[in-house]
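K.L.:
Numbering (the working numbering), first residue to last: 1073 to 1399.
#1: DSSP puts residue 1163 in a beta bridge; with which residues?
#2: Among 1118, 1383, 1126, 1104, which has the Cα closest to the Cα of residue 1425?
#3: Would residue 1215 and residue 1244 qualify as a contact pair, given that the criterion is a beta-carbon distance under 7 Å?
#4: Alpha carbon to alpha carbon, how far is residue 1152 from residue 1339?
#5: Mind checking which residues open and close the beta strand (DSSP E) that includes residue 1172?
#6: Looking at C-alpha atoms only, which residue of 1374, 1130, 1230 is the closest neighbour of residue 1162?
#7: Tell me whether residue 1380 sits in a helix, a strand or coil according to DSSP, three-state version.
#8: Kindly indicate which three-state DSSP category residue 1191 falls into: helix, strand or coil?
#9: Considering only residues of the same chain and omitting the five flanking positions on each side of residue 1279, which have a CB-CB separation below 8 Å?
#10: Could you tell me the alpha carbon to alpha carbon distance between residue 1177 and residue 1239, rounded to whole angstroms?
#11: Three-state secondary structure (DSSP) at residue 1306?
#12: Output the distance between the C-alpha atoms of residue 1335 and residue 1275, rounded to the nearest integer angstrom.
#13: What is the residue span of the beta strand (DSSP E) that residue 1134 lies within?
#14: Nearest CA to the CA of residue 1164: which residue from 1224, 1269, 1143, 1290?
#15: Is the segment 1184 to 1192 close to the segment 1126 to 1145, with three or more CB pairs under 8 Å?
#16: May I ask you to report which of helix, strand or coil DSSP gives residue 1119?
#17: Would you tell me roughly how many angstroms separate the C-alpha atoms of residue 1296 and residue 1234, rounded to the nearest one?
#18: Residue 1386: buried (16+ other C-beta within 10 angstroms of its C-beta) or exposed?
#19: Measure the beta-carbon distance from residue 1131 to residue 1110 and round it to whole angstroms, keeping in mind my assumption that it falls under 8 Å.
#20: Go ahead and label residue 1150 buried or exposed: buried means 16 or more other beta carbons lie within 10 angstroms of its beta carbon, across all protein chains shown.
#21: When burial is assigned at 16 or more other CB atoms within 10 Å of the CB, is residue 1270 buried or exposed?
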């Protein structure tokens, strides 16, 4: 009898192991149609979605609009997007004009949208960095700053589902503790990189907040702006010219930078141009072995994303990655 039970279980186990992952169409279909008594949240980016999922737990059903390697700066609506906005009980966006496509901005401009960056900026504008006449939208690159979004998410979910307000508050508190630990771990990891090596050159200007929070020297906290440079500006669809290349080359030579960091959703062409230009001058410059995650999260959670970035930077710049880990 026991033998027969084992034989019966084999095809079931084979199905569970080898069944195909749900398609994106299937995920969207379930989110659109299921009446599951959950709050249906449409998040513009995976970073926003990750925080909402942490706070909401089983009481939210979250769909990410700009998923995979898509660029939130230049995202254009596709067929079916308007229906997603109509279906959503709550829309959570990064804000600060990260999602600046005209058609997208129009759909975001409605009462049920929570702009995380704008809410945090309204209360603490001094913590944000300027960029191209506005505000740099990549505030998730500073864990301590992005964590200030959590109370706003808690409040939004409580308004949608007051019956479980206490649960959202407790989960939000737990998330704040996790993010605080992560912030301290990244700071510790970056502090193990020798100050003379702590210079970051990436594909585009997504890492300003990271540099300010994690790369500045203890002796001179204001030197962070010297420790970061990118050839393509705030939006990765910008064009790199001869002046941009020259600026990066001078920076590399001045601070003896020997590694530049690619980003997962951005072409490496601009960085390769810089590497080739320096090689012609007899200067060796390397491309990082692993990509950083910036506008595209690349992993399952926001915490994993930031942990990954700090590990990659520490490995390449001579730091210690054994001191910390994020589960």
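Positions of the beta carbon are idealized from the N, C-alpha and C atoms, including for glycine.
P.N.:
Inspection of the coordinates gives the following:
#1: 1114, 1185
#2: This structure gives no information on residue 1425, because the portion of the chain shown stretches from 1073 to 1399.
#3: no
#4: Put simply, the backbone Cα of residue 1152 is about 28 Å away from that of residue 1339.
#5: From DSSP, residue 1172 is part of no beta strand (DSSP E); its letter is neither H nor E.
#6: 1230
#7: helix
#8: Residue 1191: helix per DSSP, three-state reduction.
#9: Around residue 1279: 1210, 1213, 1272, 1300, 1302, 1364, 1366.
#10: 32 Å
#11: Caution is warranted here: a pLDDT of 46 is assigned to residue 1306, below 50, making its placement in the model unreliable, and no coordinate value can be reported.
#12: 6 Å
#13: 1132 to 1136
#14: With distances taken between Cα atoms, residue 1164 lies closest to 1224.
#15: no
#16: Helix.
#17: Taking the CA atoms as reference points, residue 1296 sits about 43 Å from residue 1234.
#18: buried
#19: 6 Å
#20: exposed
#21: buried
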